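Participant: Okay, handing you the structure first.
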């Protein structure tokens with residue numbers, strides 16, 4: 022909720038959260054990180070998770086196929 026973030030954000034944030042969100046590219050995975058320690062906002066883009074096993078937990082034992 023952008024309004025709730027604007028109410029509780031620190032005084033070092035000069036612009037509103039909505040402006041930072043509007044400046045993000047319209048790409049999947051775009052986000053912002055608010056860092057209270059360094060008092061900055063970082064725009065980021067998360068990449069999708071690709072695994073050779075399709076996202077399942079890998080196993081060394083093959084399941085027995087029922088006929």
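In the working numbering, the protein residues as written are 22 to 88.
All residues carry an ideal CB built from backbone N, CA and C; glycine is no exception.
Computed from a predicted structure; not experimentally measured.
What does residue 11 pair with, by DSSP beta-bridge criteria?
Facilitator: Given that the chain is displayed from residue 22 to residue 88, the structure contains no residue 11 and the question cannot be resolved.
Participant: Can the beta-carbon of residue 65 be found less than 7 Å from the beta-carbon of residue 52?
Facilitator: Closer than 7 Å, so yes.
Participant: Using the three-state DSSP reduction, which class does residue 82 fall into: helix, strand or coil?
Facilitator: In the structure shown, residue 82 sits in coil (DSSP, three-state: anything other than H, G, I, E or B).
Participant: Buried or exposed: residue 38, going by 16 or more other Cβ atoms within 10 Å of its Cβ?
Facilitator: Its Cβ being crowded by 16 or more others within 10 Å, residue 38 is buried.
Participant: In the DSSP assignment, find the alpha helix (DSSP H) that holds residue 4 and state where it starts and stops.
Facilitator: In the structure as shown, the chain starts at 22 and stops at 88, and residue 4 therefore has no counterpart that could be examined.
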